[in-house]
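Colleague: 100 is the number of the first residue of the sequence shown in the numbering used here; add one for each residue after it. Even for Gly, the Cβ is constructed at its ideal location relative to N, Cα and C.
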Amino acid sequence: MKYKILISAVLATALSLNAFSIADMPSVAKRVGPDISSNAVYSYNASVKDATQAVVNISTQKKIRNQITNNPMFNDPFFQQFFGDLYNQIPKDRVERALGSGVIISPDGYIVTNNHVIDGADKITVTLPGSTQEYSATLVGADPDGDLAVIRINKQGLPFIKFSNSSDLLVGDVVFAIGNPFGVGETVTQGIVSALNKNGMGINNYENFIQTDASINPGNSGGALIDSRGALVGINTAIISRTGGNHGIGFAIPSNMVKSVVTQLVKNGKIERGFLGVGIQDVSNDLRGTYAGKQGAVVISLEKDSPAKKAGLMVWDLITEVDGKKINDAAELKNIIGSLHPNQKITLKYIRDKKEHTATITLAERKNNSKNEVSVPKDNMQGQLSGLKVETLTPQIRQKYKIPNDINGVIVSSVAENSAAEDAGFMQGDIISQIEDITIKSTADFTNALNKYKGKTKRILVYGSNGIKTIVTK
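(1) Which of the three DSSP states, helix, strand or coil, is assigned to T159?
(2) Rounded to the nearest angstrom, what separates Y449 and V397 at their Cα positions?
(3) Could you tell me which residues DSSP pairs with D326 in its beta bridges?
(4) Alpha carbons only, please: which of D522, V511 and N213 is nearest the one belonging to I63?
(5) Taking all protein chains shown into account, decide if Q533 is buried (16 or more other Cβ within 10 angstroms of its Cβ) or exposed.
(6) Bridge partners of Q310, per DSSP?
(7) Taking only the alpha-carbon atoms, compute the straight-line gap between I399 and L198 and give it to the nearest angstrom.
(8) Return the first residue and the last residue of the beta strand (DSSP E) that A429 is part of.
(9) So, are the CB atoms of D381 and A429 less than 9 Å apart?
(10) For the structure I just gave you, are there three or more beta carbon pairs, one from the stretch 319 to 334 and one from the stretch 221 to 236, closer than 8 Å?
(11) Closest to Q310 by C-alpha separation, out of I223, V270 and E285, would be which residue?
(12) Based on the DSSP secondary-structure assignment, which residues constitute the bridge partners of N335?
(13) Along the chain, which unbroken stretches of the beta strand (DSSP E) at least 3 residues long are found entirely within the stretch 232 to 274?
(14) From the DSSP output, read off the bridge partner residues of G199.
(15) Distance check for G322 and A458, CA to CA, integer angstroms please.
(16) With 16 other CB atoms within 10 Å as the buried threshold, where does K568 fall?
(17) Rounding to the nearest angstrom, what Cα-Cα distance links E472 and G376 in this structure?
(18) If you run the structure through DSSP and keep just helix, strand and coil, what is T224?
(19) Compare the beta carbon distance of N264 and S354 with 9 Å and say whether it is the shorter of the two.
(20) Indicate the three-state DSSP secondary structure (helix, strand or coil) for K553 in the structure shown.
(21) Compute the Euclidean distance between the alpha carbons of S564 and G528, then round it to the nearest angstrom.
(22) Can you tell me where the beta strand (DSSP E) holding I460 begins and where it ends?
(23) Got a sec? Which residues, its chain only, sit under 8 Å from D536 by beta carbon, not counting five neighbours each side?
(24) Which term fits H215, buried or exposed, when burial requires 16 or more other beta carbons within 10 angstroms of its beta carbon?
(25) Could you tell me which residues DSSP pairs with A49 in its beta bridges?
(26) Rounding to the nearest angstrom, what Cα-Cα distance links S293 and V357 in this structure?
(27) Which residues does DSSP list as the beta-bridge partners of E464?
(28) Quick one: measure Cβ to Cβ for D242 and A248, integer angstroms, because I've assumed they're closer than 8 Å.
(29) N367 and G240: beta carbons closer than 9 Å?
(30) Based on DSSP bridge pairs, tell me the residues matched to Y562.
(31) Counting only beta-carbon separations shorter than 9 Å, does N304 have a partner in chain D?
(32) Who are the Cβ neighbours of I445 in its own chain at under 6 Å, not counting the five residues just before and after it?
(33) Taking all protein chains shown into account, do 16 or more other C-beta atoms lie within 10 angstroms of the C-beta of A548, making it buried, or fewer, making it exposed?
(34) What residue from Q289, F374, P406 and N253 has the CA that sits closest to I348's CA?
(35) For L447, name the three-state secondary structure that DSSP assigns.
(36) Relative to the C-alpha of K161, which candidate in D221, T491, G208 and P503 has its C-alpha closest?
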C-alpha cells in the first residue's frame, strides 16, 4: 500500500508539472554597451551636474534650557554659596546642533527643506555646494503637517532647480537622491521609483510619498530627489530602518505637493487647509458588503457645526468622490481636502443605505492638530455582545484614565473570558461611541440602540487603547 501511495504521488506530481510552464522572454538579439574602442563610458553626470549645484547643506542650532538652572531661586547667590561645588556640577544650558539638506528653488535665495530639519532652531546656517562660506537663513514659513519649510538667504543669482510633474512618475523610473548624508558633504545616490502614493506610514499628517531605493541617510532630509533630466520630483524626507542606516526603503514628498505648499508659504507665510470636519477610516472587510464592494472613506465621526455636519452627512456614509475625483481610501480624501482652501466649494458624492447622494459643501479652515480628521486602523472582527458590561463615562473616570473631553460614549467595564464579546474584540476600557445611526452618550443610549437593532447586523464604533476600531456584530 505504501508503494501505491508513493506511485500515485509521483504520478500526480508529474501531471502537475506537465500543466505548469515558465513564460520566457525572447532571446537577446544583441547586447549594447559602451564603445570600448572610443574609450567611452556610460555616465549620469549630465543628469545630476546642474541639480547638485542647487542642493545646499543646512546646519541648525537650538538652545536647550535646563529647567532647574533657569529657576530664579537657583540663581540666588545664597543658594549658590550654600550648595558650593554641587552647584557647579549641575549641567547648565546646552546647544543642540543638527545637519540636513535643502533645495534652492529660486535665484533670489528661497530654499525648501523639511520642517523637521529646522523645527525649533534658534539659528539656521546654509552652506552652498563647493564653498565653505556660511549664510544666515531666515524662516519664511513652515508646514509641520506636511513636514515642509521654506527658508531664505540674502544672496542673488543662485543656481536653482526646476520642478518636474510628479504625476508623470512611473514605478521603475530612474531617480537620484542628492543631499548631505551624515554631514560628509554633497552626495549623489542612484535608484529607481519603488512605489507611488504611499501613505499610512505615520511620518506626516498628510502623506502621498514616492518610495525609492536610492540611498537616503541621516542628513539627506530636505534634499532633492531628481529624475534623469535633473528635474525635481520630490523632497527626501524619511527612511524605514532598524539600524538608522539605509535599507533601500526611502520616502520623498512629491514635487507637486511641494510646489503647492511652497507657493502658499512664500505668499502667506503659513498654510491654510480646507476642513471638512469628519473622522474617517478605510472600508474594512466587515464593511465591504454594506457598500456593495465600493471604495472610499467611511465617515466615523462628525465635528459639531462642521461643513460636513451642516451638509447633512452622517456617520457610516461612504465618501466616494470629490469634484469628480474618485476616492479610494481615507488617506486620499484627507490629502485632497487638505490641498484645498478654506471657503472653497466642493461637490461631494457619498453612499448611504446603498444609494448615491450628492452634496455641495463650503470648506472651513482646518484647525491645527484637529483630532477629527485622521485616518484610523482597520478592524475586521465580528462577534456578539454577550459577556460585555458597560457604564457611564463620568468625569472621575475621564480623569482616572485620561480620556479626552472630545471622546464620548460608554466605557466597557468588563469583558467575560471566552465570551462572544471577547471574541468580537471588545476590551476593558474601550469606549463605545456609536451604534449605527445612534450616538452613544449614556448607558440609556446604549440600551436603546441594542433594542432598536436587536437581532440585526450593526456597526459599532469603538475607541480603544490602540485607536479607533469598527466592530460589526449582531
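Modeller: Checking against the coordinates, here is how it stands:
(1) strand
(2) 9 Å
(3) V274
(4) Examination of residue 63 is not possible in this model, given that the chain is present from 100 through 573 alone.
(5) buried
(6) A294 and F350
(7) 41 Å
(8) It is not in any beta strand (DSSP E) - A429 instead sits in the alpha helix (DSSP H) that spans A429 to S438.
(9) yes
(10) no
(11) V270
(12) A351
(13) 233 to 242 and 247 to 252
(14) I157
(15) 41 Å
(16) buried
(17) Low per-residue confidence applies at E472: pLDDT is 33, beneath 50, and the placement is therefore not dependable enough to give any value.
(18) strand
(19) yes
(20) coil
(21) 8 Å
(22) K454 to T461
(23) M413, V414 and W415
(24) buried
(25) No information on residue 49 is available, as it lies outside the stretch 100 to 573 that the chain covers here.
(26) 20 Å
(27) G373
(28) 7 Å
(29) yes
(30) I530 and I567
(31) The displayed structure is made up of one protein chain only, and chain D is not part of it.
(32) V421, D422 and I460
(33) buried
(34) Q289
(35) strand
(36) D221
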